[in-house]
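Worksheet: one structure, shown below.
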Amino acid sequence: MSTPGAAGTGIRLHAPAPGWALDADVVVVGSGVAGLTAALRCAAAGRSTVVVTKARLDDGSTRWAQGGIAAALGEGDTPEQHLDDTLVAGAGLCDGEAVRLLVTEGPDAVRRLIASGARFDTSAETGEIELTREGGHHRRRIAHAGGDATGAEISRALVEAVHAAGIRTVENALVLDLLQDAEGRTAGVTLHVMGEGQHDGVGAVHAPAVILATGGMGQVFSATTNPSVSTGDGVALALRAGAEVSDLEFVQFHPTVLFLGPDAEGQQPLVSEAVRGEGAHLVDADGVRFMVGAHELAELAPRDIVAKGIMRRMQEQGAQHMYLDARHFGAGMWEQRFPTILAACRAHGIDPVTEPIPVAPAAHYASGGVRTDLHGRTTVPGLYACGEVACTGVHGANRLASNSLLEGLVFAERIAEDIARTRPAGTGPGIPVPSTGPLQPAEARQEVQRIMTEGAGVLRSAASLRRAAAALEDLYAAALSAQEADGKTAVPGTETWEATNLLCVARVLVAAALRREETRGCHWREDFPDRDDAAWRRHLVVRLSATEKRALVVTTTDSADFPSVQHPLSQEQST
Numbered sequence: 052m053s054t055p056g057a058a059g060t061g062i063r064l065h066a067p068a069p070g071w072a073l074d075a076d077v078v079v080v081g082s083g084v085a086g087l088t089a090a091l092r093c094a095a096a097g098r099s100t101v102v103v104t105k106a107r108l109d110d111g112s113t114r115w116a117q118g119g120i121a122a123a124l125g126e127g128d129t130p131e132q133h134l135d136d137t138l139v140a141g142a143g144l145c146d147g148e149a150v151r152l153l154v155t156e157g158p159d160a161v162r163r164l165i166a167s168g169a170r171f172d173t174s175a176e177t178g179e180i181e182l183t184r185e186g187g188h189h190r191r192r193i194a195h196a197g198g199d200a201t202g203a204e205i206s207r208a209l210v211e212a213v214h215a216a217g218i219r220t221v222e223n224a225l226v227l228d229l230l231q232d233a234e235g236r237t238a239g240v241t242l243h244v245m246g247e248g249q250h251d252g253v254g255a256v257h258a259p260a261v262i263l264a265t266g267g268m269g270q271v272f273s274a275t276t277n278p279s280v281s282t283g284d285g286v287a288l289a290l291r292a293g294a295e296v297s298d299l300e301f302v303q304f305h306p307t308v309l310f311l312g313p314d315a316e317g318q319q320p321l322v323s324e325a326v327r328g329e330g331a332h333l334v335d336a337d338g339v340r341f342m343v344g345a346h347e348l349a350e351l352a353p354r355d356i357v358a359k360g361i362m363r364r365m366q367e368q369g370a371q372h373m374y375l376d377a378r379h380f381g382a383g384m385w386e387q388r389f390p391t392i393l394a395a396c397r398a399h400g401i402d403p404v405t406e407p408i409p410v411a412p413a414a415h416y417a418s419g420g421v422r423t424d425l426h427g428r429t430t431v432p433g434l435y436a437c438g439e440v441a442c443t444g445v446h447g448a449n450r451l452a453s454n455s456l457l458e459g460l461v462f463a464e465r466i467a468e469d470i471a472r473t474r475p476a477g478t479g480p481g482i483p484v485p486s487t488g489p490l491q492p493a494e495a496r497q498e499v500q501r502i503m504t505e506g507a508g509v510l511r512s513a514a515s516l517r518r519a520a521a522a523l524e525d526l527y528a529a530a531l532s533a534q535e536a537d538g539k540t541a542v543p544g545t546e547t548w549e550a551t552n553l554l555c556v557a558r559v560l561v562a563a564a565l566r567r568e569e570t571r572g573c574h575w576r577e578d579f580p581d582r583d584d585a586a587w588r589r590h591l592v593v594r595l596s597a598t599e600k601r602a603l604v605v606t607t608t609d610s611a612d613f614p615s616v617q618h619p620l621s622q623e624q625s626t
């Protein structure tokens, strides 16, 4: 554990003292496209690098990505066109400079990924990379692999490259908290290895640079496309360390998730947007294509528009789901282009070759996260973030399809360049301080999910969000009261740490969603159905109070531009 210093809050997870330690120049937390790319680039620059990951190296969100990675690789396509589509999808809240970096550096970053061993699908005739379309894109610019197994291929290539580079890894390890020195600078992380890794129990990795690449927080909802490990650990860690987070209210609900029943919980099978990109139609029970006429791109409108279109039709008809009809593909195309989705559907008794697929929106992607500058630096010195855990400004109010893998790739490289250019200052090992926040019992996880699904899902209102905020506060207050009464808290362990992290990010999400009184992107307020640029074309920035242990400090930016990332220990600003 560590002192809060200049940037911390003094809040830490209850955990045993570290019983072992490693030393490095850089510790990367997470093993998706962002984390492994950052690790490879840091190691190549001569920095001693350790990768810490919650499961196995290839068990994160990246391997579940079906559709592909977006970049202006095709003939006639340009970064400028990619930029325009991204800005439209972001509904007025994208950081223009961040998007321009993404689309201009993206094509070469993809080529370097290919050079690292990733094999994308190519045309048998020309040998060129095959490209498809997804929602919000006006051109075919989505590179894919294995038909619909792009993430799995990228993960395979990067894991092999990490092994080949001899980078040290610690698997099955849940990161707990940031270590900081007396002045608040990053000094490493504490972590718990869950029985199958190289160490047992709680330990520490001491390093002056920490890169958070922990992925999303989809498990805050009952039904999500995210794996079970996506419990918002990176965002919660950053908040406890004093970092700012932004735009957490913008949770993208993927429009087409295989509907397994109204009570389905946990990770749900995704039906990639690429299926619509290849010509599948959204229809209701009567076979009516309800997105035609609702948007110029019909089923290929940005995801927030399609999700809202599905929800409206469900409300109108009192239905629990809609259908995705791709019977016209035929068996051959299904088997060649979408073998993963075909197998998942058939495993649940649906054959998309002969019948429409029942689909409904489910929590998919966090467009917001830990606020960073264009080099991935957070507001805590030495702490970086990239991938879904970060808020770079690229996605705005709604991520453009298949920009997530590209963002992880591009900003991981930018972080590694920054670390290579400015060797992190040496720090001490961090000064232990008492933990002050109570742990949630393991069963709180399902309660948080129920509260969030009912109050802060696709459809939100002041009433639903206030009920959610009150219920979440009750969970926190109950644990705090028990701690104050007899000094007891839930037994430290993976399940209680995850439940505590989920409650932390849920409180932030609800506070921001309640504050934003408009409908924009994937934030849909029934009581404020219109977009309000005059009042709300700006960002919400949230941090934990350093003086009031239960308080969230929510501020609004003056414009759509993020304030520069300024460290309290230096005059360093974002560039």
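Residue numbers (the working numbering): 52 to 626.
Where a beta carbon is used, it is the ideal one built from N, C-alpha and C, also for glycine.
Outcome for residue i when other beta-carbon atoms lying within 10 angstroms are tallied against a minimum of 16
i: Ser-174; result: exposed
i: Gly-83; result: buried
i: Trp-71; result: exposed
i: Ala-95; result: exposed
i: His-399; result: exposed
i: Asp-525; result: exposed
i: Glu-181; result: buried
i: Thr-551; result: buried
i: Glu-367; result: exposed
i: Pro-409; result: buried
i: Ser-532; result: exposed
i: Thr-113; result: buried
i: Pro-407; result: buried
i: Gly-312; result: exposed
i: Ser-610; result: exposed
i: Arg-567; result: buried
i: Thr-60; result: buried
i: Gly-506; result: buried
i: Glu-295; result: buried
i: Pro-489; result: buried
i: Thr-391; result: buried
i: Gln-497; result: exposed
i: Asp-146; result: buried
Test item: CB-CB of residue i and residue j under 9 Å
i: Leu-152; j: Leu-434; result: no
i: Ala-352; j: Met-342; result: yes
i: Ala-212; j: Gly-266; result: no
i: Ile-466; j: Cys-442; result: no
i: Leu-73; j: Val-79; result: no
i: Val-271; j: Gly-283; result: yes
i: Val-616; j: Thr-429; result: yes
i: Gly-157; j: Ala-196; result: no
i: Leu-457; j: Ala-215; result: no
i: Leu-309; j: Val-326; result: no
i: Ala-413; j: Phe-304; result: yes
i: Val-404; j: Gly-141; result: no
i: Val-101; j: Ala-292; result: no
i: Arg-388; j: Glu-222; result: no
i: Thr-607; j: Leu-591; result: yes
i: Ala-370; j: Val-509; result: no
i: Gly-239; j: Ala-255; result: yes
i: Ala-331; j: His-372; result: no
i: Arg-207; j: Asp-109; result: yes
i: Arg-190; j: Gly-118; result: no
DSSP bridge partner residues for residue i (one or two, in chain order)
i: Ile-120; result: Ala-194
i: Val-102; result: Val-79 and Thr-220
i: Val-253; result: His-243
i: Asp-74; result: His-257
i: Ile-180; result: Thr-173
i: Thr-607; result: Leu-591
i: Thr-570; result: In DSSP, Thr-570 forms no bridge with anything.
i: Gln-318; result: Thr-275
i: Ile-262; result: Val-79 and Tyr-435
Checklist entry - How do the segment 560 to 568 and the segment 602 to 616 stand: do at least 3 beta-carbon pairs fall below 8 Å, yes or no? => result Yes, they touch.
Next on the checklist: Using a Cβ distance threshold of 8 Å, determine whether the segment 62 to 71 contacts the segment 540 to 552, with at least three qualifying pairs required.
Outcome noted: Touching, yes, given that three or more Cβ pairs across the two stretches are closer than 8 Å.
Item to check | Start-end ranges of the beta strand (DSSP E) lying completely within the segment 210 to 239, minimum 3 residues | outcome: With a minimum length of 3 residues, the continuous beta strand (DSSP E) runs that stay inside the segment 210 to 239 are 219 to 221 and 224 to 231.
Next on the checklist: Please give the ranges of any alpha helix (DSSP H) in the segment 490 to 557, keeping only runs that are unbroken, at least 4 residues long and fully inside the region.
Outcome noted: For the segment 490 to 557, the full-length alpha helix (DSSP H) segments reaching 4 residues or more read 495 to 506 and 513 to 537 along the chain.
Checklist entry - Which whole runs of the alpha helix (DSSP H) in the segment 141 to 170 are 4 residues long or more, in chain order? => result Secondary structure remark: continuous alpha helix (DSSP H) runs of at least 4 residues inside the segment 141 to 170, in chain order: 147 to 166.
Checklist entry - Unbroken alpha helix (DSSP H) runs of length 4 or more, entirely within the segment 334 to 415: which are they? => result With a minimum length of 4 residues, the unbroken runs of alpha helix (DSSP H) contained wholly in the segment 334 to 415 fall at 354 to 368, 381 to 388 and 390 to 398.
Item to check | the segment 92 to 109 in contact with the segment 184 to 194 per 3-pair CB rule at 8 Å | outcome: With a cut-off of 8 Å, the segment 184 to 194 and the segment 92 to 109 do not count as touching, because too few Cβ pairs lie within range.
Next on the checklist: Under 8 Å: do the segment 142 to 150 and the segment 234 to 251 share three or more Cβ pairs, one atom per stretch?
Outcome noted: By the criterion of at least three beta-carbon pairs nearer than 8 Å, the segment 142 to 150 is not in contact with the segment 234 to 251.
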